[in-house]
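First the structure, in the form of structure tokens, and then the observations on it.
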Amino acid sequence: MRNAYEENMETNEEGLTVSSRFFLLLLAGFVMVIVGVVIVLVATVLNAGGSVSGGAVIFIGPFPIVIGAGPDVEWLVLFSIILTVLSIAVFFVMRRKMRMFGD
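Per my numbering, the sequence shown starts with residue 1, numbered consecutively.
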């Protein structure tokens, strides 16, 4: 049986180790987030005459706190709630799969 160091040093066809592939994936995620923020900032500066709306759902334990502001807040809060429910459902499905394959 191999130890963790040997498994970590496995390489694929390009010669990258497993840990370096995960690092590159993490770095790509950060770059995409930064590019998205820059695009939103540039769009805001170029479209100065528009209106702004925002909404969020914050969970503190089992209690949801729904907040929002702006003319289209109903749609944003509804979208936030739907995404929250989907996230919780995915969490429970993944947890069930981990239990099934973990035992």
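For each residue, glycine too, the CB sits at the ideal point set by N, CA and C.
- Ile82 and Phe22 have their C-alpha atoms roughly 30 Å apart.
- Bounds of the alpha helix (DSSP H) holding Ala43 are Val18 to Leu46.
- In this structure Ser51 is in contact with Gly70, their Cβ atoms being roughly 7 Å apart against a cut-off of 8 Å.
- Classified as buried, Ser80 has 16 or more neighbouring CB atoms from the shown chains inside 10 Å of its CB.
- Contact between Gly54 and Leu76 holds: CB atoms are separated by about 6 Å, below the 8 Å threshold.
- Using a Cβ distance threshold of 7 Å, Thr84 and Val57 count as a contacting pair.
- In this chain, the alpha helix (DSSP H) harbouring Gly102 covers Val73 to Gly102.
- The three-state secondary structure of Gly70, taken from DSSP, is coil.
- Bounds of the beta strand (DSSP E) holding Gly55 are Gly54 to Ile60.
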